[in-house]
Amino acid sequence: MLRQVAEGVLVHESEFCQSNAVVVQGRAGVLLIDPGVQDHEMACLANDLSDLGQTVAAGFSTHPDWDHLLWHPRLGAAPRYGTARCAATVRDQLSDPGAKAEITAHLAPTGIADQVPLDLYGLITALPAETAQIPWDGTQVRIIEHQAHAPGHAALFIEERGVLVAGDMLSDVLVPMLDLDDTADPIEDYLAALRLLEGVAGDVDVLVPGHGSVGGADQVHARIVRDRAYVLALREGHVPSDPRVGPSAKPGWEWVSDVHNGQAQRLARRSERDGTPG
């Protein structure tokens with residue numbers, strides 16, 4: 013069910029990993045950001061929009077991870093945008109004829125594989141490089157592109173509403189997940205992205221992460237500080253003091269410790285190979 017978090021901005025939370033779909037109301041329909049995961053959830057979202065007398069005018073995927081590239085026929089045929097690098101990454105993914113089958117296999121242990129619709133997966137239109145605003149008939153939505161987490165990752169700042177849609181950053185349940193495959197310096201890329209988000213933090217009243225709890229103004233700086241401390245600990249090879257890892261993890265999210273251990277090990281191997289941190 014849609015929940016209003018600011019004037020003209022609503023959020024639909026998925027059962028899967030607390031994934032947040034974001035709806036921004038415009039003059040001729042809504043902008044739909046990262047619309048959701050399971051078939052019945054996206055159908056519910058479509059119902060909610062219909063009840064509000066709204067149609068989808070545009071979509072946006074914050075980055076090229078599978079759970080941010082989904083769509084449902086009932087959401088219509090509006091253009092779905094992503095950054096140029098995001099769209100290029102998706103094209104590369106889909107050039108493999110087995111890409112969708114790999115997603116289904118990856119999801120098999122979760123029990124939702126048959127509930128994730130892939131027919132309209134990844135149909136993203138690339139925005140020209142350096143595009144600063146989403147092209148749609150509604151309030152200005154600033155694109156803050158960076159290279160943390162995934163190629164062409166973008167946070168969106170809805171300035172008039174004071175809402176920051178952070179993609180897979182600034183979560184209260186997930187630790188920072190670095191892009192360890194497509195970048196020469198994943199640590200610095202993540203720190204640079206945090207500096208970009210810090211640049212708008214003072215104007216943010218509502219923070220919507222891709223996964224986890226929606227936060228208020230007081231949470232923006234706090235989550236930036238916590239994520240920076242985590243990334244710096246990774247760089248130094250220290251065990252981070254982080255409530256998202258270990259016994260203090262939120263019930264149901266204990267697997268985040270495995271994510272942390274995995275990327276800490278990969279960074280250590282990378283450092284040994286290259287002789288540089290991260």
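Just so we're on the same page, this note's numbering is the position in the sequence shown counted from 1, plus 12.
Here a beta-carbon is modelled for each residue, glycine too, at the ideal position from N, C-alpha and C.
This one's a predicted model, so the numbers in the text were calculated from it and none came from an experiment.
Beta strand (DSSP E) segments (min. 3 residues) lying fully within the segment 81-135: 92-94
Taking Pro-163 as the reference, which of Phe-169, Asp-194, Ala-141 has the closest Cα? Asp-194
Would you check if the distance between the CB atom of Ala-141 and the CB atom of Ile-156 is smaller than 8 Å? no
Distance between beta carbons of Asp-184 and Gly-227, contact taken as under 8 Å: 7 Å
Buried/exposed call for Pro-47, threshold 16 Cβ in 10 Å: buried
Under 8 Å between the Cβ atoms of His-223 and Gln-30? yes
Local conformation of Ser-183 per DSSP, three classes: coil
Take Thr-41 as the anchor and find which of Glu-25, Gln-277, Ser-62, Phe-28 has the nearest alpha-carbon. The sequence shown places Gly at residue 41, not Thr. Comparing Cα-Cα distances from Gly-41 to each of Glu-25, Gln-277, Ser-62, Phe-28, the minimum goes to Ser-62.
How should His-161 be labelled, buried or exposed, when 16 other C-beta atoms within 10 angstroms of its C-beta is the threshold for buried? buried
Can you give the beta carbon distance from Val-17 to Val-220, rounded, assuming they're within the 8 Å contact cut? 7 Å
Run through DSSP, which three-state label would Ile-146 get? coil
Beta-carbon contacts of Ser-26 that lie in its chain and below 8 Å, excluding the five residues immediately before and after: Asn-32, Ala-33, Gly-48, Val-49, Gln-50, Glu-53
So, helix, strand or coil for Leu-75, using DSSP? Correcting the residue type first, residue 75 is His in the shown sequence and not Leu. In this structure, His-75 counts as coil in the three-state DSSP scheme.
Using DSSP with H/G/I as helix, E/B as strand and the rest coil, what is Arg-256? coil
Tell me the DSSP secondary structure of His-223 in three-state form. strand
In whole angstroms, what separates the C-alpha of Trp-83 from that of Tyr-133? 6 Å
CB of Leu-190 within 8 Å of CB of His-158, strictly: no
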